[in-house]
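Taken in sequence, the protein lines are chains A and Z.
Each residue of the first sequence is one higher than the last, beginning at 1 in our numbering.
Each residue of the second sequence is one higher than the last, beginning at 1 in our numbering.
Ideal Cβ positions, reconstructed from N, Cα and C, are used throughout, including at glycine.
There are 2 protein chains.
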Amino acid sequence: MLLRILAMRVRENELIEKIAAALGRRPRVSGELRLGIGDDAALFRPRAGREIILTCDWFLEGTHFFREKHPPDSVGWKCLARALSDIAAMGATPRCFLLSLALPASHTGRWLSEFLRGLSRASRKFACVLAGGDTTQGRGILIHIAAIGDAPTGRAVRRSGARPGDFVYVSGRLGEAELGLQILRGNRGFLNSKNPLLKKHLYPEPRLALGEWLAKKRLASAMMDLSDGLSSDLPRLCATNGVGALLESARIPQTRHSDVARKQGLDSLCLALHGGDDYELLFTVPPPKVRALPRTIQGVILTSIGKITRESKLALRNEDGREQALAARGWDPFR
Amino acid sequence: MLLRILAMRVRENELIEKIAAALGRRPRVSGELRLGIGDDAALFRPRAGREIILTCDWFLEGTHFFREKHPPDSVGWKCLARALSDIAAMGATPRCFLLSLALPASHTGRWLSEFLRGLSRASRKFACVLAGGDTTQGRGILIHIAAIGDAPTGRAVRRSGARPGDFVYVSGRLGEAELGLQILRGNRGFLNSKNPLLKKHLYPEPRLALGEWLAKKRLASAMMDLSDGLSSDLPRLCATNGVGALLESARIPQTRHSDVARKQGLDSLCLALHGGDDYELLFTVPPPKVRALPRTIQGVILTSIGKITRESKLALRNEDGREQALAARGWDPFR
Numbered sequence: 001m002l003l004r005i006l007a008m009r010v011r012e013n014e015l016i017e018k019i020a021a022a023l024g025r026r027p028r029v030s031g032e033l034r035l036g037i038g039d040d041a042a043l044f045r046p047r048a049g050r051e052i053i054l055t056c057d058w059f060l061e062g063t064h065f066f067r068e069k070h071p072p073d074s075v076g077w078k079c080l081a082r083a084l085s086d087i088a089a090m091g092a093t094p095r096c097f098l099l100s101l102a103l104p105a106s107h108t109g110r111w112l113s114e115f116l117r118g119l120s121r122a123s124r125k126f127a128c129v130l131a132g133g134d135t136t137q138g139r140g141i142l143i144h145i146a147a148i149g150d151a152p153t154g155r156a157v158r159r160s161g162a163r164p165g166d167f168v169y170v171s172g173r174l175g176e177a178e179l180g181l182q183i184l185r186g187n188r189g190f191l192n193s194k195n196p197l198l199k200k201h202l203y204p205e206p207r208l209a210l211g212e213w214l215a216k217k218r219l220a221s222a223m224m225d226l227s228d229g230l231s232s233d234l235p236r237l238c239a240t241n242g243v244g245a246l247l248e249s250a251r252i253p254q255t256r257h258s259d260v261a262r263k264q265g266l267d268s269l270c271l272a273l274h275g276g277d278d279y280e281l282l283f284t285v286p287p288p289k290v291r292a293l294p295r296t297i298q299g300v301i302l303t304s305i306g307k308i309t310r311e312s313k314l315a316l317r318n319e320d321g322r323e324q325a326l327a328a329r330g331w332d333p334f335r
Numbered sequence: 001m002l003l004r005i006l007a008m009r010v011r012e013n014e015l016i017e018k019i020a021a022a023l024g025r026r027p028r029v030s031g032e033l034r035l036g037i038g039d040d041a042a043l044f045r046p047r048a049g050r051e052i053i054l055t056c057d058w059f060l061e062g063t064h065f066f067r068e069k070h071p072p073d074s075v076g077w078k079c080l081a082r083a084l085s086d087i088a089a090m091g092a093t094p095r096c097f098l099l100s101l102a103l104p105a106s107h108t109g110r111w112l113s114e115f116l117r118g119l120s121r122a123s124r125k126f127a128c129v130l131a132g133g134d135t136t137q138g139r140g141i142l143i144h145i146a147a148i149g150d151a152p153t154g155r156a157v158r159r160s161g162a163r164p165g166d167f168v169y170v171s172g173r174l175g176e177a178e179l180g181l182q183i184l185r186g187n188r189g190f191l192n193s194k195n196p197l198l199k200k201h202l203y204p205e206p207r208l209a210l211g212e213w214l215a216k217k218r219l220a221s222a223m224m225d226l227s228d229g230l231s232s233d234l235p236r237l238c239a240t241n242g243v244g245a246l247l248e249s250a251r252i253p254q255t256r257h258s259d260v261a262r263k264q265g266l267d268s269l270c271l272a273l274h275g276g277d278d279y280e281l282l283f284t285v286p287p288p289k290v291r292a293l294p295r296t297i298q299g300v301i302l303t304s305i306g307k308i309t310r311e312s313k314l315a316l317r318n319e320d321g322r323e324q325a326l327a328a329r330g331w332d333p334f335r
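Set out below in structure tokens:
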């Protein structure tokens, strides 16, 4: 009965009002966004000489997050951050997004307010404004983000373009998000979301500045983001290009918290190879351009982890010089 | 155990392959879409002098359709058609869409093939190509469409712009989709989807040609599509403009199947006022421009059903001249 009363209390119009209030009530008519929420559709007018980048991502309870584990504020932050990671992977600039929410009536109060707080923080931080969306009632919490960005025409970096001999680079340290997830899962109830071990999992930062810089300097021959794990994502980049890769295990940048990982029964190299949710950039650089790459950009390390090979297989060379095949063991929702 | 085997059979990469094969394998590099599925994001380059229209819609099992009632082919058609109705309501032209699917492993075989057949038909019919999307496993069938269109800069028709004295118009006959839904719900199992009474519910046609024509001729001062029902949608248009409306009950275009409706215990006027899912256009026309409107456009009737009033209330005048308040009784997912 209480549920029914709650359901009666909230109407779709009110929900839209609440979202609009949290994320900017006035339809923005400045910049590229000419018409925002409140109409049938949004209007976006790109600046001359730029093309549009379109991407979207599910963020579903039970698959991408758990309501009893993930603070709603982190759910709000992360749903936008991971969609913008695809924009970063094109070397583009985020502009606006469409938020689609299906919520149980019981989650349209405090949960929604905290979710919107996290989403709003990410929206301001990454300069990506709400342009519209769709709301409905759901049995579970369903979130979908469609993100729109732009890039100078012809400058977006694609997955294709990698050539044998190109160096394979990653940004940041890999596997820390997976470590955070395992810590979260191993604990009962909520953990302090300020715990630095959880930051990479709860509040990832898309590598927007790095992506834009690489595109502007034309340094990356191919690029994608790491969302499912290096061992699952690198084969996709290789398949697009009909090439393979040979990685050096000693060069893969691992978590600095290997002691914590060990306590969890996890190996840092395995986390780095197969852990999902990193939202770091994976890119290839032709040999003559390697010198132009700094070691870090805005505090984010850049590491050459191997090379693109002509033969279309993926291999990992251990410190003792032996090579082994690298099997895709990253995240697959259908596994 | 069988479910587990099915789940193992399908991988995300294979699912994406299947979708790509059904909807156009090659990334289109002609026209506005410069890069389609298979990368982190799609690239869209609008023609000079045009701006982008962005909209999105949920299409969820249990809320928007029922797997035991709705043919998968109709689910595929309708999820795109209703998203494009928002593009029609701006007077814009559809260009491409992002398809996000969450499916139980049991529905990645025949159900998915039929769904894709319907979606592919709609995609060709409305000249709107697949640009990308996201797939994952779900307990229920979750569909989300983000649609992208364009319109000559400054020409898109908004919800704002209606003035007191403007005539209120609708396209087509209202309430037929709701009648179809009621027939479908009253029957056990599947009905023949070719039944003409079900067509409006199962295979709606967004009024794209009409919307574009109204925008081009600058005839509509405000426009939106009818998705939740006239009595729920008209108040939204009025609220945006700070106005009201007086409708003439005798003028509301009702279903020609009023006998069928009566057998279902339904009143044709009630269906027309409150029935959802019509995907007809609701628009206002300033008095001097009314003469330019034909009675039909491509077989779709256009009907003036009343006028915009200064006083911000909604009223319905019956045939005997008495007025009554028109309450919002259309579709609200939170009711």
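Here Ala245 (chain A) is near Val168 (chain A), since their CB atoms are less than 7 Å apart. C-alpha of His144 (chain Z) to C-alpha of Asp278 (chain Z): approximately 19 Å in a straight line. For Arg158 (chain A), the C-beta contacts it makes with chain Z under 9 Å involve Leu35, Asp39, Asp40, Leu43, in order along the chain.
Taking 7 Å as the CB threshold, Ala81 (chain A) stays off the interface with chain Z. In this chain, the alpha helix (DSSP H) harbouring Lys18 (chain A) covers 12-23. Judged by beta-carbon spacing, Cys96 (chain Z) lies within the 7 Å limit of Ala131 (chain Z), meaning their Cβ atoms are closer than that value. For the region 83-104 of chain A, the set of positions with a beta-carbon nearer than 7 Å to some beta-carbon of chain Z reads Asp86, Ile87, Ala89, Met90, Leu98, Ser100, Ala102 in chain order.
For His107 (chain A), there are no C-beta contacts with chain Z under 7 Å, since the nearest C-beta of that chain is about 12 Å from it.
In the three-state reduction of the DSSP assignment, Ala127 (chain Z) falls in the coil class, being assigned neither a helical nor a strand state. DSSP lists no beta-bridge partner residue for Val75 (chain Z). When C-beta atoms of the region 40-58 of chain A are compared with those of the region 145-157 of chain Z, three or more pairs fall below 8 Å, so the two segments count as touching. For Thr284 (chain A), not one C-beta of chain Z is nearer than 7 Å to its own C-beta. For Gly172 (chain Z), same chain residues with a beta-carbon under 6 Å away, outside a window of 5 residues either side, are Glu280, Val300 in chain order. The region 200-208 of chain Z makes contact with the region 80-88 of chain Z, as at least three CB pairs between them are under 8 Å. The criterion of a C-beta distance shorter than 7 Å is satisfied by Gly161 (chain A) and Ser221 (chain A). Within 7 Å of the CB of Pro152 (chain Z), no CB atom of chain A is found; the nearest one sits about 11 Å away. Residues of the region 129-148 of chain Z that bring their beta carbon within less than 9 Å of a beta carbon in chain A comprise Ala131, Gly132, Gly133, Asp134, Thr135, Thr136, Gln137, Gly138, Arg139, Gly140, Leu142, His144, Ala146, Ala147, Ile148, in sequence order. Counting the other Cβ atoms within 10 Å of the Cβ of Arg207 (chain Z) gives 16 or more, which makes it buried. Nearest in C-alpha terms to Ile52 (chain A), of all of A:His70, A:Leu174, A:Leu33, is A:Leu33.
Shortest Cα-Cα distance from Thr284 (chain Z) to any of Z:Asn318, Z:Leu197, Z:Leu271, Z:Thr303 involves Z:Thr303.
By the C-beta density criterion, Ser268 (chain Z) is buried, having at least 16 other C-beta atoms within 10 angstroms. Each residue's CA atom was taken as its position, placing Gly154 (chain A) and Arg50 (chain A) some 8 Å apart. For Ser171 (chain A), the secondary structure class from DSSP, reduced to helix, strand or coil, is strand.
In the assembly as shown, Gly91 (chain Z) is a buried residue. Its beta-carbon has 16 or more other beta-carbons within 10 Å. In summary, the residues of the region 55-75 of chain Z whose CB is separated from some CB of chain A by less than 9 Å are Thr55, Cys56, Asp57, Trp58, Leu60, Gly62, Thr63, His64, in the order they occur in the chain. Assigned with DSSP and collapsed to three states, Asp57 (chain A) falls in strand.
Residues of chain A whose Cβ lies closer than 9 Å to the Cβ of Thr240 (chain Z) are, in chain order, Gly38, Asp39.
Straight through space, the alpha carbons of Ala127 (chain Z) and Met223 (chain Z) are spaced by roughly 22 Å. Of all residues in the region 207-233 of chain Z, those with a C-beta nearer than 7 Å to a C-beta of chain A are Met224, Asp225, reading in chain order.
Under the three-state reduction of DSSP, Ser312 (chain A) is assigned to coil, being neither helix nor strand. In the DSSP assignment, Arg262 (chain A) falls within the alpha helix (DSSP H) that extends over 258-263. Within the same chain, Ala22, Leu23, Gly76, Trp77, Cys79, Leu80, Leu99 come within 8 Å of Leu119 (chain A) by CB-CB distance, once the 5 residues on both sides are set aside. For Pro294 (chain A), no chain Z residue has a Cβ inside 8 Å of its Cβ, as the nearest lies near 23 Å away. Interface flag for Glu205 (chain Z) against chain A is unset, since no Cβ pair is found closer than 7 Å. For Glu51 (chain Z), the closest Cβ of chain A is nearer than 7 Å. Looking at the DSSP output, Ala89 (chain Z) shares a beta bridge with no other residue.
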